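Enquirer:
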Amino acid sequence: MNVLIFYSALFCYLLSSLAYLVYLVYNKKTVEKAGHYALLAAFFIHLASVVFRYFQAGHTPITNMFESLSFFAFCIAGFFLFLKRTYAISSIGCIVLPAVSLLLIWALTYPTDVKPLPPILKSYWLPIHTTFSFLGNAIFFISFLVSIIYIIAEREIKRKKSFLFSARFPSLETLDLINYRCMSYGFPFLTVGIITGSIWAGFAWGSYWSWDPKETWSLITWIVYAILIHNRLAIGWRGKKTAYLMIAGFISMLFTFLGVNFLLGGLHSYM
Amino acid sequence: MQIVVFGLNHNTAPVEIRERLFLAESQIPQMLNALQDKSIGESAVLSTCNRTEIYFCTGQADESLAMIKDLLVKYFDIDSKVLEGYTYTFKDESSYRHLFLVASGLDSMVVGEPQIFGQVKDAYRIAVHSKTTGYLLNKLFHKTFNVAKRVRSETRIGYNPVSISSMAIELSKRIFGDLRNRKVLVIGAGEMSETALKHLKKEGLSDIFIINRTFGNAKKLAEDIAGIPYPFEAMPDLLGQVDMVLASTGAERPLIGPGLVLQIMKRRKNRPLFIVDIAVPRDVEPSVNDIENVYLYDIDDLKDLSQKHLSDRLKESERALRIVDEEVKKFSSWLRQSEKNPLIAYVIDKAEAIRSKEFKKASQKLKNADEETIRNIETLTKAIVNKLIHPHVALIKQDSEASETIKRLFTFEEEDEKDLDDRNERQ
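Chains A and B, in that order, are what the protein sequence lines are.
Take the first sequence: its position 85, counting from 1, is numbered 85 in the working numbering, and each next residue is one higher.
Take the second sequence: its position 125, counting from 1, is numbered 1125 in the working numbering, and each next residue is one higher.
(1) What are the partner residues of B/Lys1183, as DSSP defines its beta bridges?
(2) Does the distance from the C-beta atom of B/Met1109 to that of B/Ile1299 stay below 8 Å?
(3) Against chain B, which members of the region 178-189 of chain A pass a CB distance test of less than 9 Å?
(4) Where does the unbroken alpha helix (DSSP H) through B/Ala976 begin, and where does it stop?
(5) Determine the burial state of B/Phe1006: buried for a count of at least 16 other Cβ atoms within 10 Å of its Cβ, exposed for fewer.
(6) For A/Val3, which three-state DSSP category applies?
(7) Could you pull out every residue in the same chain whose Cβ sits closer than 7 Å to the Cβ of B/Glu1414, ignoring the five residues on either side in sequence?
(8) Applying the criterion that 16 or more other CB atoms from any shown protein chain within 10 Å of the CB defines a buried residue, is A/Lys214 buried or exposed?
(9) Kindly indicate if chain B contains any beta-carbon less than 8 Å away from that of A/Trp200.
(10) Buried or exposed: which applies to B/Leu1238, given that a residue is buried once 16 or more other Cβ atoms fall within 10 Å of its Cβ?
(11) Give the residues of chain A in contact with B/Glu1352, contact being defined as C-beta atoms less than 8 Å apart.
(12) Looking at B/Leu1197 and B/Ile1169, is the spacing between their C-beta atoms short of 8 Å?
(13) Is DSSP giving B/Glu1042 helix, strand or coil here?
(14) Quick check on DSSP: helix, strand or coil for B/Gln1263?
(15) With 8 Å as the C-beta to C-beta threshold (strictly closer), list the residues of the region 238-260 of chain A near chain B in chain order.
(16) Whole angstroms is fine: what's the gap from B/Tyr1159's alpha carbon to B/Val1015's?
(17) Does the CB of B/Arg1282 have a neighbour CB from chain A at under 8 Å?
(18) By Cβ distance below 7 Å, which residues in the same chain neighbour A/Trp200 in space, the five residues on each side in sequence not counted?
(19) Identify each residue in the region 218-237 of chain A for which the Cβ-Cβ distance to at least one residue of chain C is less than 8 Å, and report them in chain order.
(20) Nearest by alpha-carbon distance to A/Phe74: which of A/Tyr87, A/Ala99, A/Lys84 and A/Ser91 is it?
(21) Would you decide whether B/Ser1039 is buried or exposed? Buried here means 16 or more other CB atoms lie within 10 Å of its CB.
(22) In chain B, what lies closer than 7 Å to A/Thr174 by C-beta?
(23) For B/Met1109, which beta-bridge partners are listed by DSSP?
(24) One question on the structure: do A/Ala42 and A/Ala77 come within less than 8 Å of each other, judged by their Cβ atoms?
(25) Threshold first: 4 residues or longer. Then list the alpha helix (DSSP H) segments lying entirely within the region 1345-1411 of chain B, N to C.
(26) Under the assumption that A/Leu47 contacts A/Trp106 (Cβ atoms under 8 Å), give the Cβ distance between them as a whole number of angstroms.
(27) On the premise that B/Ile1406 lies in contact with B/His1392, defined as a C-beta separation below 8 Å, what is that separation, rounded to the nearest angstrom?
(28) Among B/Lys1149, B/His1129 and B/Val1102, which has the Cα closest to the Cα of B/Lys1357?
(29) Answer yes if the region 162-174 of chain A comes into contact with the region 246-258 of chain A, meaning at least three C-beta pairs across the two stretches below 8 Å, and no otherwise.
(30) Please confirm whether A/Ser90 has its beta-carbon closer than 8 Å to some beta-carbon of chain B.
(31) A/Trp211: buried (16+ other C-beta within 10 angstroms of its C-beta) or exposed?
(32) Any beta-carbon of chain A closer than 8 Å to the one on B/Asn1293?
(33) Three or more beta-carbon pairs under 8 Å between the region 1173-1183 of chain B and the region 1201-1209 of chain B, yes or no?
(34) Cutting at 7 Å between CB atoms, please list the residues of its own chain near A/Tyr54, excluding the five before and the five after it.
(35) So, with DSSP's three-state summary, where would you put B/Pro1272?
(36) Here's the rule: buried if 16 or more other CB atoms are within 10 angstroms of the residue's CB, otherwise exposed. What is B/Asn1009?
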């Protein structure tokens, strides 16, 4: 049942991806609208699937690879919808939504059945810590995509030869502004995620900080983003430089999320 | 007599070469006089950001061409091989065909742009003032103005010009999203700035700052388009405030270099700066584009972009070309006829020379009259002269014996003319 809802959400995400891709090529307003409604439908079905799983499992469903990837994708879709309300960034839907769809397809390669919660994760901190961390991750994922678009579009405008990207995607200033917004939303979430994690660790393991690989790498990620914020606000870095730092931050975050799980092991590798 | 054009344009020469061969309005009379010293009968020089062309009439085209090239090599201190490599020569039919195309905006970087018509008019005006035009070029240029007007009124080529400003707007949208509440700095208060600004204003700019070497001109343009004039020295300060810069001065050296822009970017906290440099020679050093968050487009960059819109306009261009072809044929047949009978040309030329001289004298006395009155008087003088000349011309065509008499009639000596003047004065 739960997986069925999940599949319908994925189907709607795929429809929405298709619509946004068509919108990118033909620039038809009606197609953009269709994509938007498909995305809304996908988001709420996805929400239903998460809620349904919560009740089915009896705990916050962010405890294994399938659930994590699904929740990560859910956060990305949600934050994209949130940004869309204020900024004209529909055109980047053609990258965000395929990415969301791919994450869900990837999630499906892991076991989808509900397992009992390992005793170590049984805590009120589980929903708080994971929600904040994944929201932070999702926000920085969008800023990562935006940064890549920025770098390509900026290069086009500088080189003056072709305008494949810059003609279709939002203006440089809009992209830079989105990056700035991502930074100002994402960083607090990330910080809260780390702090709540540390408090939880204090309760669960008896030590607030034990330098396990996940903790170390999330601290490295946090430092990269902190440098980014400092340079932006204090030195006035903008545009290309911040875009490159955003990419660096995301790679570090990706390693925190995946690399540590797959390569380094430690307390957080719960697969 | 042959009509010849020698020159270069944006198709044959890059901006660096065009910059070198650019002639400012103040230099043109000097060049025209130099040409006249080389016994080139009639000449006119057209020099804009996109072209420098010399139109002239000569009996020996090849000799005159060699002399002109020699003159240009010395004047601009340029290698003769370089000059050969970037220039073109058109003779006879293709020469006036070329001028028709130029004046109609069909040879422009941005096809159909309207400024060139005014520039051709200016070129002619300067040549008339320098007294280097004669019967043939007068006729040619007047014909050219007619052709350009015809192209403009009978085709839609000028209606929706893919102008420099609309391309600049397109680009600024890719950088800023839109231009609402943006600030723009205009450097140079020339005709180009004015046309471009009228376009830009529609995008909802909040402030337009205008600076110019001569403050009076900045003030005048500011009044016309509701901008704010500033003294030229305020440039670095204003560069720190604006989002977009439109530079189109007649300065011979770049006004803005990478050093200045680097300083300003620090002050702007790296807010993006979009610079459109439509001046030739350029006002902004090309290396400014290498600075982060600065986007510099010069006139050649815009040209490359404009060609993408060209296909939409092909149809109108074809119609315009047909008009030009038609007019070229008409002018050719007129030329043939006047060549058959050089006396007709001579008589008309002579009469026109007398008319314009007398009119000039009269208009000096009419200082208080308004422009319309003066224009009416000029039309009157032309009408009288034409009516008086017409029977002579008709007679020349019919009767070769009468031609001799008419020739004698129109070749009285200069002294006689002087006497006539004196007598008029006394009266």
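Idealized CB from N, CA, C, for every residue including glycine.
Just so it is clear, the structure is predicted and the values come from calculations on it, not from any experiment.
Expert: Short version:
(1) B/Asp1207
(2) yes
(3) none
(4) Any answer about residue 976 of chain B is impossible in this case: the structure gives chain B only from 1001 up to 1427.
(5) buried
(6) helix
(7) Annotation note: pLDDT 47 at B/Glu1414 (below 50); position unreliable, coordinate value reported separately. Closer than 7 Å at the Cβ level, and outside the excluded window around B/Glu1414, lies no residue.
(8) buried
(9) no
(10) buried
(11) In chain order: nothing, as chain A lies at least about 50 Å away.
(12) no
(13) strand
(14) helix
(15) Arg238, Gly239, Lys240 and Lys241
(16) Caution applies to B/Tyr1159, whose pLDDT of 44 falls short of 50 and renders its modelled position unreliable; the value that the coordinates give is listed next. When rounded, the distance between both Cα atoms is 28 Å.
(17) no
(18) Ser123, Trp125 and His129
(19) Chain labels in this structure do not include chain C; the protein chains are A and B.
(20) A/Ala99
(21) exposed
(22) Gly1177
(23) In DSSP, B/Met1109 forms no bridge with anything.
(24) yes
(25) 1371-1398 and 1400-1410
(26) 20 Å between Cβ atoms; not a contact.
(27) 5 Å
(28) B/His1129
(29) no
(30) no
(31) exposed
(32) yes
(33) yes
(34) Thr60 and Pro61
(35) coil
(36) buried
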